[in-house]
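FYI, the numbering for the sequence shown is 1146 to 1312, going by this note's numbering.
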Amino acid sequence: MGAKYAHTNLIARDWRRLATFYERVFGCTPASQERDLSGKWIEDATTIDGVHIRGIHLLLPGWGSSGPTLEIFQYSPQGPELSKEINRLGFGHIAFRVDDVEAVRRAVIANGGRDYGEQVTTRIPGEGAITFVYMADPEGNIIELQSWAAEESRGTTNRPPASSWGG
């Protein structure tokens, strides 16, 4: 059975504002037209009577026009808000590999995001040094900004590590 990663869905209070944030800060681009979903078929799929969903799919940077997307949707009616603690159960954060963690950190703040934790650098044996920071987007969703400096024996920089780094 073959599988290919397709998208991650992010439920927003204001989908346009959140999409604009990801476009400005990370260079995400619309993958398709805006979505405006309603009717029995979406009620059946979501099990929400009278649901109306609006939003967009954004192409994630570094993957080209056929890569995975960030699906940002706004539901009416809106459901309860989940806690924003970094260790809550379920999906925890979305990570972006960047060239300059501090520069992107400043862009996150300038576009309505905020710091979540402190920026740190540590060495992962056999992989290299990682500099990373957890941030929050304008709606409080956790984002990780990360940059890798590879071990000299690996010969490359800022590439995804081969190990199971959980950051």
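Yeah, the Cβ is synthetic: ideal placement off N, Cα and C, and Gly gets one too.
Is the separation between the beta-carbon of residue i and that of residue j shorter than 8 angstroms?
i: residue 1188; j: residue 1200; result: no
i: residue 1278; j: residue 1264; result: yes
i: residue 1156; j: residue 1182; result: no
i: residue 1177; j: residue 1152; result: no
i: residue 1246; j: residue 1276; result: yes
Could you tell me the distance, in whole angstroms, from the CA atom of residue i to the CA atom of residue j?
i: residue 1302; j: residue 1191; result: Here the model assigns residue 1302 a pLDDT of 49, short of 50, so the residue's position is not dependable, and the following value carries that caveat. Going by the C-alpha atoms only, they are around 43 angstroms apart.
i: residue 1244; j: residue 1292; result: 6 angstroms
i: residue 1154; j: residue 1254; result: 23 angstroms
i: residue 1149; j: residue 1206; result: 17 angstroms
i: residue 1259; j: residue 1239; result: 15 angstroms
i: residue 1185; j: residue 1224; result: 19 angstroms
i: residue 1209; j: residue 1262; result: 31 angstroms
i: residue 1167; j: residue 1285; result: 13 angstroms
i: residue 1179; j: residue 1195; result: 20 angstroms
i: residue 1294; j: residue 1281; result: 24 angstroms
i: residue 1306; j: residue 1171; result: Unreliable placement is indicated for residue 1306, whose pLDDT of 48 sits below 50; no coordinate value is reported for it.
i: residue 1289; j: residue 1146; result: 31 angstroms
i: residue 1274; j: residue 1241; result: 16 angstroms
i: residue 1272; j: residue 1222; result: 46 angstroms
i: residue 1173; j: residue 1212; result: 11 angstroms
i: residue 1267; j: residue 1231; result: 19 angstroms
Start and end of the beta strand (DSSP E) containing residue i?
i: residue 1289; result: 1287 to 1295
i: residue 1247; result: Per DSSP, residue 1247 belongs to no beta strand (DSSP E); it is in the alpha helix (DSSP H), 1246 to 1255.
i: residue 1192; result: First-last for residue 1192: undefined, no H or E at that position.
i: residue 1277; result: 1273 to 1281
i: residue 1219; result: 1214 to 1221
Output the boundary residues of the alpha helix (DSSP H) element that contains residue i.
i: residue 1205; result: It is not in any alpha helix (DSSP H) - residue 1205 carries neither H nor E in the DSSP assignment.
i: residue 1263; result: From DSSP, residue 1263 is part of no alpha helix (DSSP H); its letter is neither H nor E.
i: residue 1162; result: 1160 to 1171
Alpha carbons only, please: which of the options is nearest the one belonging to residue i?
i: residue 1220; options: 1270, 1228, 1193; result: 1193
i: residue 1175; options: 1158, 1228, 1204; result: 1204
i: residue 1158; options: 1290, 1218, 1211; result: 1218
i: residue 1169; options: 1271, 1251, 1269; result: 1251
i: residue 1283; options: 1212, 1229, 1222, 1211; result: 1229
i: residue 1287; options: 1211, 1227, 1270; result: 1227
Taking only beta-carbon atoms, is residue i less than 8 angstroms away from chain C?
i: residue 1286; result: Looking at the structure shown, chain C is missing, and only one protein chain is on hand.
**Message:** Does the stretch 1223 to 1235 come into contact with the stretch 1160 to 1167, if we say contact requires no fewer than three beta-carbon pairs (one atom in each stretch) closer than 8 angstroms?
**Reply:** no
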